Amino acid sequence: MNKQSLKDLLYEQVARIGKAVSSPKRLELLELLAQGEKTVELLAAELSVDIKLISAHLKALRGARLVTSRRDGKYVIYRLTGSDVAGLWVTLRQVAEEHLLELRLALDQMAAHPSQLASVGREELLEQARRGDIIVIDVRPQAEYEVAHLPFARSMPVAEIEKRLSELPAGKDIVAYCRGPFCLLSDEAVALLGARGYRVRKILDGVSEWQAAGLALQTSVEE
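Residue 2 is where the sequence shown starts when you use the numbering used here, and the numbers rise one by one after that.
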């Protein structure tokens, strides 16, 4: 193989990753799988598409070695092939935010109420949570929380909040988070708790952003 052919091969291999993530739904799959492994059926339900289409997207991601799978009885369960794949999603999104005005405008619409965003930095948030000055709630499904979550965060899935209000101390500031900047679960939590008189804000970080920043995560096993 001559030098140019070898060079072409190198770029072609890297381009496999670009091709695999060129679909919006595949990017959303990466974001979901960054929260923990999931069955094909659950992924289809989360993305509101049929199983055949989800399977096709997963096949493309698997072809680029971004995801892998295992069988558990009649179910096929997918997961990311490494934490670097979750980091790839975060990097792609950050580059898009930096260079695409359309994305920034869309994000501005999501943050139509800037007063609902917590202004504290990551390290200070961690310290305030450690001291008990604030209550950090993870509003993702319990299974995702158990895989990994922000230190000192409590699991409180958004669907369970109304039944568990007694677990939230009166007079404490509450900070909610979910899967990252594109996730709307924390908005639901803020609206629900705010309507009941709680002082509540949200952060845009999820576990992928926290990990990409080099900060430690916790699992339920560690606790």
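Just so you know, even glycine gets a beta-carbon here, dropped at the ideal spot from N, CA and C.
These numbers were taken from a predicted model, which means no experiment stands behind them.
query: L59 and Y79 look like a contact to me (Cβ under 8 Å); what is the Cβ gap, rounded to whole Å?
result: Indeed, because the Cβ distance is near 6 Å, the residues count as touching under 8 Å.
message: If you reduce the DSSP assignment to three classes, tell me which class R202 lands in.
response: strand
task: Return the CA-CA distance between D109 and V148, expressed in angstroms with no decimal places.
output: Between D109 and V148, the C-alpha separation is close to 30 Å.
task: Kindly identify the DSSP beta-bridge partner or partners of H150.
output: Answer is Q219, bridged to H150.
query: How close, in whole Å, do the beta carbons of I135 and Q129 come, if the pair is a contact with beta carbons under 8 Å?
result: 5 Å
message: Quick check on the DSSP output: the beta strand (DSSP E) that includes T69 runs from which residue to which?
response: 68-73
query: Are A45 and I52 close, meaning C-beta to C-beta below 7 Å?
result: yes
query: How long is the line joining the alpha carbons of Q212 and H150, rounded to whole angstroms?
result: 10 Å
task: Tell me where the alpha helix (DSSP H) around D109 begins and ends.
output: 102-111
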